[in-house]
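Trainee:
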Amino acid sequence: MIGCAVGDEMPYYRVNGILFKIKEWDGEYRPICLTCWWQGRWEHSLTHAETEARWHARFAH
Numbered sequence: 365m366i367g368c369a370v371g372d373e374m375p376y377y378r379v380n381g382i383l384f385k386i387k388e389w390d391g392e393y394r395p396i397c398l399t400c401w402w403q404g405r406w407e408h409s410l411t412h413a414e415t416e417a418r419w420h421a422r423f424a425h
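Heads up: the sequence shown begins at 365 in my numbering, then just goes up one per residue.
1. If the criterion is Cβ atoms closer than 7 Å, does the pair residue 426 and residue 397 meet it?
2. Nearest by alpha-carbon distance to residue 432: which of 380, 384, 378, 379 is it?
3. Count the other C-beta atoms from every protein chain shown that fall within 10 angstroms of the C-beta of residue 394, then say buried if there are 16 or more, exposed otherwise.
Dropping the structure here:
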């Protein structure tokens, strides 16, 4: 984990130069690329999460 923004309950991580947040969907914690998060591109974010399955297994709570 590289840090938390003040008042932000979701930690974020840098993986291969890309920042990710951890977000809960349907009872699972999944990584979200911050670019997608900030732009509100939820479908792209979920796709990112699925393609980062190995990363998720290492870092998800």
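The beta-carbon is built from N, C-alpha and C at its ideal position, and this holds for glycine as well.
Mentor: Concretely, from the data shown:
1. No statement about residue 426 is possible, as the shown extent of the chain runs from 365 to 425 and does not include it.
2. Any question about residue 432 goes unanswered here, given that the chain covers just 365 to 425.
3. buried
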